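Have a look at the structure below, then the notes.
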């Protein structure tokens, strides 16, 4: 004897004919979509596909909602920026031993594209994959948004004040200050570092690179008198002989 039933009608052994058909008033598109379903536990393959498609569509539509972000206008708009129009700035990019003269396309102050500067005598308007990908570093969500002190975020104004106070105290008692940076080739940045050294006596600047080319630079200084990293013109060579050298 059965112990479980789907409903009272099944328990009383009453078929679908026992239930009167209730007319539906109005034009309901949703009901018309599933008008072929009988409600007696039997459904065709087409009805099953209707249900699956409808459920997938509802799930997709529910997940398409995004946070509303309001555009905040400029309080004092910069004269060189026109909303909706791109600005282009000539710059340079140095990543390790890679150098490239570039033109940066920006919109409302945000860089969105990097191209090579065709007026450069070195790169001749070309870029590398690393140069193109460097733009994504600006929008990396893992970048620190604020300074950190003992692994805790702090405000920029407070960080600047503490750093300036510490530098002042070290300079007054005749202590030493070490400025550790990667290799810097920019004349403007080097000039700023020299001004910093002049402002704080006892400052030592130590360039350090995780992947260093110091051996190549020192070899060129000894052999040619210039501490430089060579840029090989393989396109002009007929034969290239390498003896333990990785180009």
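Numbering (our numbering), first residue to last: 7 to 253. In this text, a Cβ means the ideal position worked out from N, Cα and C, and glycines have one as well. Keep in mind that this is a model prediction, so the values were computed, not measured.
- For residue 85, the closest C-alpha among the options 58, 109, 115 is that of 115.
- Under DSSP, residue 210 shares a beta bridge with 184.
- Looking at the backbone, the Cα of residue 83 and that of residue 110 are separated by about 21 Å.
- Shown here, residue 233 sits in coil according to DSSP, grouped into three states, outside any helix or strand.
- Apart from sequence neighbours up to five positions away, the residues of its chain that approach residue 152 with a beta-carbon distance below 6 Å are 159, ordered along the chain.
- Judged by DSSP secondary structure, residue 174 falls within the alpha helix (DSSP H) whose first and last residues are 162-178.
- When the Cα atoms are used, residue 156 and residue 217 turn out to be separated by approximately 28 Å.
- Here the C-alpha atom of residue 133 lies approximately 17 Å from the C-alpha atom of residue 240.
- Under the DSSP definition of a beta bridge, residue 73 lacks any partner.
- Remark: fewer than three beta-carbon pairs, one from each stretch, lie closer than 8 Å, so the segment 218-229 and the segment 241-252 are not flagged as touching.
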